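Remarks on the structure that follows.
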Amino acid sequence: PSSSSSYVWSFGFGSNMNVAFVESKKGYKVHAHRCAVLRGWRLSFNLHGPDRVEESFANAQPSEDPADEIHGVAIKLTVEDALKLDAQERAYRRVAVVVRAYDGTEIEAHVYSKEQPPEKPERPCSARYLNVLVSGARSAGLDGAYVERLAKTPTYAPSAATLELRAALRRVAPRSLQPMTVETLAAFPRDRDAADFGYVSCFGYVMKVPRAQVVFGGTHLGRDITTRMSRQWRGVSFGEKNDPGR
């Protein structure tokens, strides 16, 4: 690209704060980056994930308190790469904002945000996910006081009943269960309204789950998500083909 209009700035407050991650894992060239502050916004954990595993994910929300702010990293991408990033961040919508770099420069950028109903409560995120945020913030050189506040965010702790259910699953011998192929799994309807239950496979098990509890229906229902979950755990981009699970 030969002009500034061929580039856009994206303000990252999660995994996109990590320039090395964006370049090596997501595959986008970062042409410049600045530590910056988005004032009048707050970090909210009101994007609900799978119950008892990844209870929530971070979301940027406008705040009525002007003292609220989110620290992050503004990254400069080509328009083409920014559109690809939009597709990866499709759970959010792109919102135009102005962020202030630590050196005082104002940058016109966009942030990914998802509007949530007021009655949708925040939930504690997993320790794994919080570590992604904190590690990214520290590596980026964000304000120390902000990073320390972020590190103190409460995380999800499974109950004794949940731990017992997990232990019970490990006691079941996989060979004692009726086998199911990926093709059979994929043949089940994926529409949330098709039936009360759906099927998801992960790490050798096929689970029958209430459809209402499947957060990511399009990518989970009727599929084997082993590769997807393994890549997510390691912070690796799904790419165009996020897994071979049909």
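Yeah, the sequence shown ends on 389 if you go by our numbering, and it's all consecutive.
Glycine included, each C-beta is placed from N, C-alpha and C at the ideal position.
Quick caveat: nothing in here was measured; it's all calculated off a predicted structure.
Minimum C-alpha distance to Val173 - residue among Ala163, Val240, Leu181 and Arg182: Ala163
Find the nearest neighbour of Leu312 within the set Arg354, Ser282, Ala330 and Met350, judged by alpha-carbon distance. Met350
In its own chain, which residues sit with a C-beta less than 7 angstroms from the C-beta of Met372, not counting the 5 before and 5 after it? These residues qualify, in order along the chain: Cys345.
Rounded distance between the beta-carbons of Leu220 and Ala203, thought under 8 angstroms: Incorrect: roughly 18 angstroms between the Cβ atoms, too far for contact.
Test item: CB-CB of Tyr342 and Leu328 under 8 angstroms: yes
Nearest by alpha-carbon distance to Cys178: which of Ile218, Val151 and Tyr150 is it? Ile218
Given Tyr299, which residues of its chain have a CB within under 7 angstroms of its CB, disregarding the five upstream and five downstream residues? Glu198, Pro267, Cys268 and Ser269
Would you list the residues sitting across from Thr221 in a DSSP beta bridge? According to DSSP, which records beta bridges pairwise, Thr221 is partnered with Tyr150.
Output the distance between the C-alpha atoms of Ser282 and Val165, rounded to the nearest integer angstrom. 13 angstroms
Quick check on this structure: which residue in His191, Arg377 and Gln375 has the alpha carbon closest to the alpha carbon of Lys263? From the listed residues His191, Arg377 and Gln375, the smallest Cα separation to Lys263 is found for His191.
By Cβ distance below 8 angstroms, which residues in the same chain neighbour Glu265 in space, the five residues on each side in sequence not counted? Take Glu265, set aside five residues on each side of it, and the residues of its chain with a beta-carbon closer than 8 angstroms to its own are Ser187, Phe188, Asn189 and Ser199, in chain order.
What does DSSP give as the partner residues of Lys351 in its beta bridges? Tyr342
If we require 4 or more residues per run, which alpha helix (DSSP H) segments fall completely within the stretch 266-321? DSSP assignment within the stretch 266-321 yields the following whole alpha helix (DSSP H) runs of 4 residues or more, N-terminal first: 270-283, 287-294 and 303-313.
If we require 4 or more residues per run, which alpha helix (DSSP H) segments fall completely within the stretch 158-241? 162-167 and 222-231
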